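Chemist: As they're listed, the protein sequences go chains H and E.
Taking the working numbering, the leading residue of the first sequence gets 86, the next gets one more, and so forth.
Taking the working numbering, the leading residue of the second sequence gets 86, the next gets one more, and so forth.
Even glycine gets a Cβ: it sits at the ideal position worked out from N, Cα and C.
As the structure is a prediction and not an experimental result, all values here were calculated from the model.
2 protein chains.
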Amino acid sequence: MNDIKIGLFGFGTVGQGIYKVIGRSLNAHAEIRRICVRDVNKPREVEIPSALLTDDMTRIFSDPEINMIVEVVDDAGASCRIVTEALRRGLPVVSGNKAMIARHLPGLIDLQRRYGGALLYDASSCGSIPVIRNLEEYYDNDLLLEVKGILNGSSNYILSRVFDHHEEYADALRRAQQLGFAESDPSFDIEGFDSLFKLIIITMHALGVYVRPEDVFTYGISTIHDSDIRYAREKGVKIKLVAQVLKVADDKFTMFVMPEFVPPSRYIYSVDDEYNGVVIRGECYDRQFMFGKGAGSLPTASSILSDIMAHRHNYRYEYKKMGYINRPEYTTDVVLKIYVRYVETPAAELIPFIDIQEQYTSRTDSYVIGTVLLSDLIAIRPSLSAPDLFLVSFPTFFADLDD
Amino acid sequence: MNDIKIGLFGFGTVGQGIYKVIGRSLNAHAEIRRICVRDVNKPREVEIPSALLTDDMTRIFSDPEINMIVEVVDDAGASCRIVTEALRRGLPVVSGNKAMIARHLPGLIDLQRRYGGALLYDASSCGSIPVIRNLEEYYDNDLLLEVKGILNGSSNYILSRVFDHHEEYADALRRAQQLGFAESDPSFDIEGFDSLFKLIIITMHALGVYVRPEDVFTYGISTIHDSDIRYAREKGVKIKLVAQVLKVADDKFTMFVMPEFVPPSRYIYSVDDEYNGVVIRGECYDRQFMFGKGAGSLPTASSILSDIMAHRHNYRYEYKKMGYINRPEYTTDVVLKIYVRYVETPAAELIPFIDIQEQYTSRTDSYVIGTVLLSDLIAIRPSLSAPDLFLVSFPTFFADLDD
Chain H
86 MNDIKIGLFG
96 FGTVGQGIYK
106 VIGRSLNAHA
116 EIRRICVRDV
126 NKPREVEIPS
136 ALLTDDMTRI
146 FSDPEINMIV
156 EVVDDAGASC
166 RIVTEALRRG
176 LPVVSGNKAM
186 IARHLPGLID
196 LQRRYGGALL
206 YDASSCGSIP
216 VIRNLEEYYD
226 NDLLLEVKGI
236 LNGSSNYILS
246 RVFDHHEEYA
256 DALRRAQQLG
266 FAESDPSFDI
276 EGFDSLFKLI
286 IITMHALGVY
296 VRPEDVFTYG
306 ISTIHDSDIR
316 YAREKGVKIK
326 LVAQVLKVAD
336 DKFTMFVMPE
346 FVPPSRYIYS
356 VDDEYNGVVI
366 RGECYDRQFM
376 FGKGAGSLPT
386 ASSILSDIMA
396 HRHNYRYEYK
406 KMGYINRPEY
416 TTDVVLKIYV
426 RYVETPAAEL
436 IPFIDIQEQY
446 TSRTDSYVIG
456 TVLLSDLIAI
466 RPSLSAPDLF
476 LVSFPTFFAD
486 LDD
Chain E
86 MNDIKIGLFG
96 FGTVGQGIYK
106 VIGRSLNAHA
116 EIRRICVRDV
126 NKPREVEIPS
136 ALLTDDMTRI
146 FSDPEINMIV
156 EVVDDAGASC
166 RIVTEALRRG
176 LPVVSGNKAM
186 IARHLPGLID
196 LQRRYGGALL
206 YDASSCGSIP
216 VIRNLEEYYD
226 NDLLLEVKGI
236 LNGSSNYILS
246 RVFDHHEEYA
256 DALRRAQQLG
266 FAESDPSFDI
276 EGFDSLFKLI
286 IITMHALGVY
296 VRPEDVFTYG
306 ISTIHDSDIR
316 YAREKGVKIK
326 LVAQVLKVAD
336 DKFTMFVMPE
346 FVPPSRYIYS
356 VDDEYNGVVI
366 RGECYDRQFM
376 FGKGAGSLPT
386 ASSILSDIMA
396 HRHNYRYEYK
406 KMGYINRPEY
416 TTDVVLKIYV
426 RYVETPAAEL
436 IPFIDIQEQY
446 TSRTDSYVIG
456 TVLLSDLIAI
466 RPSLSAPDLF
476 LVSFPTFFAD
486 LDD
């Protein structure tokens with residue numbers, strides 16, 4: 086096993102965390118040989134020799150000593166160019182950019198197979214929780230039924246502040262940004278896209294199927310109101326932003342990201358603040374629950390370190406499940422039970438409910454509870470972005486699939 | 086990748102579970118070719134072709150088609166003979182026998198290196214929770230500080246019944262045995278040995294150091310009384326049987342198994358009934374918590390299936406941390422804060438307390454709370470087995486190591 090000489094792209098919160106973590110980790114036998122940043126003169130918290138920095142990516146790719154690329158740049162376009170270039174050169178790459186990976190996964194798998202390089206990205210999904218590798222290696226059999234979790238620390242932090250600390254939504258969002266949990270574009274977190282990208286990656290390693298982000302129903306928490314919180318409190322449940330992929334038949338699965346009413350009996354009920362929690366359910370082992378810090382400089386950096394060390398031992402994702410017999414197919418032809426709160430928008434007219442079970446109207450906030458086809462929600466997704474609407478799903482709808 | 090043809094030893098609860106699970110798992114490409122049992126005529130719940138059964142182990146080892154051994158026999162001596170024979174033949178083996186593995190680990194590692202076979206035993210520790218493989222592969226760096234958990238489902242089930250359901254200890258034990266959670270020798274569970282064996286295996290994969298079971302302080306729950314439960318309830322904590330290994334300095338670690346007062350703020354507080362829960366703490370990622378079913382036929386069988394499939398992809402434990410720079414040393418020179426309840430035995434005279442903080446005496450039950458050296462507890466371990474004594478540790482003693 087050779088020593089690892091890293092070319093690092095990006096030196097923000099996570100990049101600086103990696104620098105610290107590698108310094109503490111003697112047995113990694115890894116060192117950062119050069120760091121490519123946009124602006125070498127920008128003042129930074131971590132002091133490093135200025136010779137390490139460059140703004141010219143060719144200085145990394147032309148250095149024959151560098152035998153691994155780690156990229157933690159914020160920009161998905163730049164991330165894609167870096168990872169593609171590295172894979173074309175057959176170099177191993179560690180990436181934390183879930184948006185880029187979720188969008189380009191089939192192409193990235195192809196590049197790995199064609200040029201023999203390896204792309205590792207456990208750090209991209211749930212920070213320090215080893216979800217991807219466990220789905221790929223440990224739950225690599227036909228028994229897997231469902232992966233469901235709170236995958237975004239920032240939105241979960243906001244919901245916790247609002248729920249447990251009775252804070253205003255805007256204050257909670259601001260605080261999450263100050264603490265560095267939130268992505269630079271907050272809509273990533275609060276509109277559910279960050280969770281969606283992680284779910285796309287998880288689904289590939291859980292079931293061996295790639296689903297394009299644009300084909301998945303995604304609904305965030307930005308329009309949550311006091312009345313929704315009051316409703317949930319009265320029912321003794323919390324509202325959590327949940328991402329899930331689950332088999333609905335032997336040969337079909339569905340997936341979506343949306344707020345859910347979570348009762349105290351569920352594992353994810355107690356996942357608060359910036360934490361992430363994932364439930365893996367299988368036919369014989371019931372439910373496994375993994376819980377940990379999903380975001381932040383050092384947790385993400387230590388997860389990147391795990392990927393670096395995995396490469397040291399020649400580990401690579403083999404995407405085994407892509408070759409499985411009877412891979413299930415993605416379907417949106419499933420019935421969900423949802424709560425829709427509205428003010429002006431007439432929810433019962435807008436949404437093609439199959440059946441309405443409850444209806445409450447008042448001058449300020451009204452709601453409808455009913456069942457609807459997921460495919461119908463996808464069809465009318467743009468109009469669901471009205472600022473006076475808020476949707477929450479009920480977990481109990483799949484009666485035999487409770488967690 | 087070839088198809089896997091298994092020679093199975095043992096066809097009790099777990100063995101029958103394996104038979105069922107493999108039948109359901111198309112993509113395992115595995116089949117059970119022969120099953121070696123003590124008594125071929127014993128009536129069994131699962132119906133199998135009688136030609137599959139044999140009581141002659143040579144019929145398995147002489148079958149050239151069999152390319153993997155799975156052994157789930159109850160007897161540690163027989164388990165050792167089977168695994169040794171398989172490894173000598175360079176065959177891959179999956180074993181669930183933690184007592185055997187914990188006692189013979191150095192020899193088993195040696196046999197694997199000498200003959201090239203691989204021994205996998207994730208199923209041996211915490212059933213369906215992938216602790217071993219995650220410690221070996223994902224937390225394979227210098228950042229790991231502590232692994233602590235509830236590793237025995239049966240004693241945890243008993244404590245849950247006693248605590249949450251106000252049952253009598255003896256009734257709870259009987260019920261655990263009826264439900265099949267308990268090992269055939271109940272002292273394994275309730276005296277902490279099952280937890281100890283798992284902790285020995287975990288320590289090897291967490292820190293790369295083998296500690297002999299007889300060198301570790303182990304104390305179970307068999308002498309718990311109503312007064313202990315009352316005490317814990319009054320303080321708002323639960324008593325859990327906890328196994329832990331933790332770094333106490335950069336170059337030292339300690340480990341022990343004993344009941345602990347667990348406050349509601351800890352992850353393991355909510356691990357009830359037959360569940361297992363493990364907290365992995367690291368320097369940068371804070372705490373990871375894994376939770377799941379630790380015992381039972383199908384959860385253990387699905388874990389064995391994970392080991393079988395891991396072999397299919399040529400996975401083996403590499404015991405990497407044994408070769409690490411600055412491996413920490415085992416020490417028992419650490420101070421614990423403990424509660425000792427007694428009736429007749431004069432606890433304050435028996436135990437060489439460094440400092441006594443509280444003392445309560447009554448005609449029926451008295452207790453002392455004080456600090457003591459772990460090495461001193463080990464020295465007087467035999468006399469601590471008096472039936473009127475019960476020891477519980479306080480987790481908060483390591484002030485900076487709280488979980």
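#1: So C211(E) contacts chain H; which residues on that side make the cut at Cβ distance below 8 Å?
#2: Give the DSSP bridge partners of M185(H), in chain order.
#3: Tell me whether the beta-carbon of I441(H) lies closer than 7 Å to the beta-carbon of G455(H).
#4: Can you check whether the CB of S387(E) is closer than 7 Å to the CB of L230(H)?
#5: Checking 7 Å against the spacing of the C-beta atoms, do I306(H) and L326(H) come in under that value?
#6: Select from the stretch 367-384 of chain H all residues with a C-beta closer than 7 Å to any C-beta belonging to chain E, and list them in chain order.
#7: Can you round the beta-carbon distance between D225(E) and M394(H) to whole angstroms, since I take them to be within the 8 Å contact cut?
#8: What does the alpha-carbon distance come out to for the pair D485(H) and G321(E)?
#9: What residue range does the beta strand (DSSP E) around R366(H) cover?
#10: Would you call H250(E) buried or exposed, if buried means 16 or more other Cβ atoms sit within 10 Å of its Cβ?
#11: Can you tell me where the beta strand (DSSP E) holding S180(H) begins and where it ends?
#12: Ignore the nearest five residues each way along the sequence and tell me which others in C165(H)'s own chain have a CB closer than 7 Å to its CB.
#13: Short of 7 Å Cβ to Cβ, which residues in the stretch 269-296 of chain E face chain H?
#14: Against chain H, with Cβ distances strictly below 7 Å, would P215(E) count as a contact?
#15: Would you please verify whether the beta carbon of N361(H) is less than 7 Å from any beta carbon of chain E?
#16: Could you check if F475(H) is buried or exposed, using at least 16 other CB atoms within 10 Å of its CB as the buried criterion?
#17: Taking DSSP as the reference, what is the three-state secondary structure of I306(E)?
#18: Comparing the C-beta of A391(E) with each C-beta of chain H, is any distance below 7 Å?
#19: For I410(H), return the contacting residues in chain E, with the cut-off set at a CB-CB distance below 8 Å.
#20: Consider the Cβ of L459(H): report whether some Cβ of chain E lies at a distance smaller than 7 Å.
#21: Please classify E156(H): does DSSP put it in a helix, a strand, or coil?
#22: Considering only the alpha carbon of each residue, which of G95(E), R129(E), Y104(E), A187(E) lies closest to I287(E)?
#23: Let me check understanding here. Comparing Cα to Cα, which of K405(E), N237(E), L421(E) lies closest to G362(E)?
#24: Does the beta-carbon distance from D392(E) to V157(E) come in below 7 Å?
#25: In this structure, does DSSP put E222(E) in helix, strand or coil?
#26: What's the gap between the Cα of Y402(E) and the Cα of T385(H)?
#27: Give a yes or no on whether the C-beta atoms belonging to I353(H) and I235(H) are separated by under 7 Å.
#28: Going by C-alpha distance, which of T446(E), T303(E), Y316(E) is nearest Q329(E)?
#29: Kindly list the residues whose CB is nearer than 7 Å to the CB of N411(E), restricted to its own chain and excluding five residues on each side of it in sequence; keep chain order.
#30: Measure from the alpha carbon of P349(E) to the alpha carbon of each residue in R318(E), G377(E), R366(E), Y104(E), then state which is nearest.
#31: Note down, in chain order, each residue of its chain lying with its Cβ closer than 7 Å to the Cβ of T169(E), except the 5 sequence neighbours on either side.
#32: So what's Y409(H) in DSSP terms, helix, strand or just coil?
#33: Does DSSP put G234(E) in a helix, in a strand, or in coil?
#34: Closest to P177(E) by CA distance: which of G192(E), I151(E), L204(E), A161(E) is it?
#35: In chain E, which residues lie with their C-beta within 8 Å of the C-beta of N226(H)?
#36: Closest by CA to L459(E), which one among R198(E), L421(E), E443(E)?
Modeler: So, to answer that:
#1: Chain H residues near C211(E): none, gap ~10 Å exceeds 8 Å.
#2: Its beta-bridge partners do not exist; DSSP assigns none.
#3: yes
#4: no
#5: yes
#6: G367, E368, C369, Y370, D371, R372, Q373, F374, M375, F376, G377, K378, L383, P384
#7: 5 Å
#8: Any reading at D485(H) must be qualified, since the residue scores a pLDDT of 39, below 50, and its modelled position is unreliable; no value is offered.
#9: 360-367
#10: exposed
#11: 178-180
#12: M185, H189
#13: none
#14: yes
#15: no
#16: buried
#17: coil
#18: A small correction: the amino acid at residue 391(E) is Ser; Ala does not occupy that position in the sequence shown. Interface residue, yes.
#19: L111, N112
#20: no
#21: strand
#22: A187(E)
#23: N237(E)
#24: no
#25: helix
#26: 25 Å
#27: yes
#28: T303(E)
#29: D336
#30: R318(E)
#31: L196
#32: coil
#33: strand
#34: L204(E)
#35: S110, N112, A113, S387, L390, S391, M394
#36: L421(E)
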